[in-house]
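Here the structure comes first, spelled out in structure tokens, and everything after it is commentary.
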Amino acid sequence: MSVSLPAEHPAFLPRHSVMAGRIAAFDWSTTSLGPMANWPHALRTALALMLDSRFAMNLAWGEDLVFFYNDAYAPFLGSKEAPLGRPMAEVWSDVWADILPLVESAMSGQPTWHEDMPLTMLRNGYPEETFWTFSYSPVRDDDHVIAGFLNITTEVTRKVQNERRLRTDIRQLGRMFEQAPGFMAMLTGPEHTFAYINPAYRALIGERNVIGKRLVDALPDAVEQGYLALLEEVYRTGQAFSTNGARYLVQAGPGRATVERYLDFVYQPINDASGVIGVLVQGIDVTARRAADLALQTREAELLSLNSDLERQVIERARERSLTWQVTPDLLAVVDQAGCIETVNPAWEQLLGWPQTALVGQPWVEYVLEDDQAVTRSVLETLRSGKPVLHFENRLRTRSGGVRTLSWVATPESGRFYCSARDVTDINAAASALARSQAQLRTLFETSYQLQALCTPDGIVTDANRSGLDAIGAEFDDVVGRLLWDTPWFTGTRDLPHRIRLMFARAAAGDTVREELEVDLPSGRRFHDFSLRPIYDNGRIIAVVPEAIDTTERRNAEDALRQSQKLEAVGQLTGGVAHDFNNLLTPIVTALDLAADPTARADRRDRMIGVARQSAERAATLVQRLLSFARRQPLQAVDVDVTALVNGMAALIESSSSPRIRLVLSLARDLNPAIADPNQLEMAILNLSVNACDAMPAGGTLTIAARNVHVSHDDDLATGHYVVVSVSDTGHGMDAHTRQRAIEPFFSTKGVGKGTGLGLSMAHGLASQLGGQLTIDSTPGAGTTIHLWLPVGTRSGAAFEAHEETTVSNTGDSRGTALVVDDEDSVRMCTSDALEDMGYRIVEASSAEEALRALDDGLMPAVLVTDHLMPGMTGAELARTVRARLPDTAIVIVSGYTGMADFDPGLTILGKPFRQHELVASVEAANAVTQTAA
């Protein structure tokens, strides 16, 4: 494929993106979209948003759904060949049948969202089972017609596979736990709360429901018999406890019969990095064995009491013991001093598969795994020294090639070692599986992209994941043990610790709290979607979980979108201003033609010159209004004659509105002066009038009214007198939701590209700054009235009026030299003529640099009149230099932009365009300033 590189990188494509470069270099004339220069604005905006995002996205556009994607999306394509610019149906042909209904839904205007959706893909040349969480959002073109859709996606294949494995592991653990032949229970925490029990344990305690309860509440009979004290000792020391034949009286409920049980059991502590977190209880019910032993003892007593012969007693006792030896499930063995097995009971063959003939006479360690032989030899040495060994574990090989873990008790007696073992393979496997499950949960916590922590109900941080610690550049010990609001997450932001403390109090009381926070972190100012969730256990709040998602990039993307809408509004405003200026220039050009025509009638020439002067003044007024709209400056509040101001604007409003709209003025005769900035008030009334006209596309009546109002009591206004300026229309009106949001910046109901949403916001801000307010009366279908409440002026000072003195006095007296600096020849000539009429000798310069060369040659002007915006050095910079070198020189700066930020204090500023008398007044004012300073 031939590639036609553009002459330059398109401005709407970001330069940091790899895919932006590929899109810029692609020959789009070969696709249904055509050359990039013809692409609609909506497509450009959507592409810029997608390419600037760090989320994986692709965009499909046009009838062929031409395929675009960003850098984060590229890895999902695998080895697919040249997907850019191809129809999406070809790129994802392997899953097209699955996603086509979603595509059709998005293209019909219905956005979609799917979580963990399975798709079988051929992105690397072979079928892959993949899972995706994604959304399809319709994207509209410049005519508001759906032209494509945006896909924001995340591959969650690994997450789904891990969840499957975790569920399988948990099911296997549950089966082992449920099917274990002995009784088992898991107690957690220092209060020994039941987390798990198996059926054998439930049968032991009389089928009581104990899950989630503390031992002290669930089994008071066990507490009374001292078993709680044993548990607390194991939890405190971390040392296991085992016993055989322990008596346990079971009373399953008040008034129920007591059952006597005898138990062999072990209390095994469960540890993690912080220490003991629980105790595993496992054992077997040996009540039957105990009964057999008691029966044996009773029988022996009877035989003794009957004074039977010794031989018969010995035979009987041997028989009973032999029965116990034969039927017990425990592994029993006698080992000699050399460590060789002398005899074993049948349980060896039942459990391990080794017959007695294979075991007797063989060293014990031969059947022990190599890794456990050292500990077994150490046990034999302890027994040879005459000391019993109450607990140790080793692993023995089975005849079938398997391995079983045995827990032993051994004691020396008469030169032999008597050993008893219990199979704990399943118990240990269950404990390991539980620990593994806890480790997996910990891994999920640590690798979560959310910032997460865990707090006690009183606010102490007990845990935090890596995402949360990385956000503040801290380690685990820097936050654990501290109050949440005193941690580095919040202490760097003014007033935030107090706010978090109040939010935490609500969460600790049972509320789920969620707010958006602006936080100063070591990485800079970030925005987070922050929440606090209470965690319950048996109806009691045991912890609070703080969670946060960093939304900074999303907000930046939203700001970029709003900025693009503002730029589009500026473009529309430019077109309107160009239209007005063309209308104003027409009589000026006509008057100049008549002035150059010697045959034109004098009365017609004079009339047209008057019209041209009026148009020029209207043009100057329009420019000042635009500059007032564009800049940020303090309000210049004065007493304003609202009647004169509104009457002066009527012609402009009427000419800029549709012919189908009738303008009505309703101004009170005795209207008080209002405190306001006249320029800002004009702009507010103009914006409100434009909004009113937009609300009446089919025509209607626009009414501008003003009246005096006295307020005696109001929650929003101070008591006093006000002037209320009202702008009303007969348009479609607003519903309650629109009225509530109408004054929000950038909120607009006109659609993208038809308004910035700043008009009402600016008017509201103006009224609030002046001590008044903006109110809205509107009903759907019945029109809208906007009221501007403005405080009444003092009446002691003259109200703002439009008047000027146009008479200029010429003098023939020489007043020294005037240095005139301007890069426009015509403006420089007009300025020089006016100064020459004032009696100055004129020296001209076309740039600030040329003016400085004249000063270097010895020129010492009495007055400097300079333009501000010129190539090279500006007028403000020239004035600063001249003031330093010639402090007695009066300085006037002429500028078409009247913002004061660039100018030093004390300078006289004359705005363009100016009349001759205004130039004279400015020069006289500059002279007065210089004389006062001297």
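Mapping of the sequence shown onto the working numbering: residues 572 to 1505, in sequence order. By construction, the Cβ of each residue, glycine as well, lies at the ideal position given by its N, Cα and C atoms.
- DSSP links I768 through a beta bridge to A756.
- Here the C-alpha atom of A1289 lies approximately 7 Å from the C-alpha atom of V1282.
- By a beta-carbon distance limit of 8 Å, I1246 contacts A1208. Their separation comes to about 5 Å.
- Counting C-beta pairs closer than 8 Å gives three or more between the segment 950 to 958 and the segment 981 to 991, which meets the contact rule.
- Only buried fits Q853, as 16 or more other CB atoms lie within 10 angstroms of its CB.
- With respect to the 8 Å criterion, A1263 and S1297 are not classified as neighbours on the basis of their beta carbons.
- The beta carbon of Q822 sits closer than 8 Å to the beta carbons of G777, D792, A828, T829, V830 from its chain, once the five residues preceding and following it are set aside; these are given in chain order.
- Rounded to whole angstroms, the gap between the alpha carbons of V974 and R966 is 6 Å.
- The alpha-carbon separation between S1417 and H580 amounts to approximately 37 Å.
- Rounded to the nearest angstrom, the Cβ distance from S708 to P672 is 16 Å, too far for a contact under 8 Å.
- The segment 1072 to 1134 is shown to contain whole beta strand (DSSP E) runs of 3 or more residues at 1084 to 1092, 1095 to 1108, 1111 to 1121, in chain order.
- Contact between E1086 and F1098 is ruled out by a C-beta separation of about 11 Å, above the 8 Å threshold.
- Exclusion of the five residues before and after E634 leaves S603 as the residues of its chain whose Cβ lies within less than 8 Å of its Cβ.
- Within the segment 602 to 671, the complete beta strand (DSSP E) segments of 3 residues or longer fall at 627 to 632, 637 to 640, listed in chain order.
- If you check the CB distance, L1092 and I1071 do not come in under 8 Å.
- Per the coordinates, the alpha-carbon of F626 lies some 42 Å from the alpha-carbon of I841.
- In this structure the segment 1400 to 1420 does not touch the segment 1354 to 1362; the number of beta carbon pairs closer than 8 Å is below three.
- Within the same chain, Cβ atoms closer than 6 Å to the Cβ of Y767 are found at M757, the five residues on either side in sequence being excluded.
- Distance between T1350 and A1266, taken at the CA atoms: about 13 Å.
- Cα atoms of N1127 and A582: separation of roughly 19 Å, rounded to the nearest angstrom.
- A direct Cα-Cα distance of roughly 10 Å separates A1307 from D1348.
- Take R657, set aside five residues on each side of it, and the residues of its chain with a beta-carbon closer than 8 Å to its own are V637, F638, in chain order.
- For D1348, the beta-bridge partners assigned by DSSP are T1356.
- In this structure, V662 is the residue among N641, Y644, N916, V662 with its C-alpha nearest to the C-alpha of K651.
- With respect to P689, E700 sits close: the two C-beta atoms are nearer than 8 Å.
- The segment 1388 to 1454 contains, as complete beta strand (DSSP E) runs of 3+ residues, the segments 1388 to 1392, 1412 to 1416, 1434 to 1438 (chain order).
- Residue range 846 to 856 is occupied by the beta strand (DSSP E) that includes G846.
- Taking all protein chains in view, the Cβ of H763 is crowded by 16 or more other Cβ atoms within 10 Å, so the residue is classified as buried.
- DSSP, reduced to helix, strand and coil, places I1159 within a helical segment of the structure shown.
- With distances taken between CA atoms, R1386 lies nearest to M1409 out of T858, M1409, S1397, F705.
- As the crow flies, the alpha-carbon of M755 is around 17 Å from that of R742.
- Its chain contains S1349, T1350, P1351, G1352, A1353, G1354, T1355 as the residues whose beta carbon lies nearer than 6 Å to that of G1304, once the 5 sequence neighbours on both sides are disregarded; these appear in chain order.
- L977 is bridged by DSSP to N965, D994.
- Using a Cβ distance threshold of 8 Å, H1284 and V1363 do not count as a contacting pair.
- In this structure, the straight-line span from the alpha carbon of V1235 to that of A1221 is close to 9 Å.
- Pairing A1461 with V1494 gives a Cβ-Cβ distance under 8 Å.
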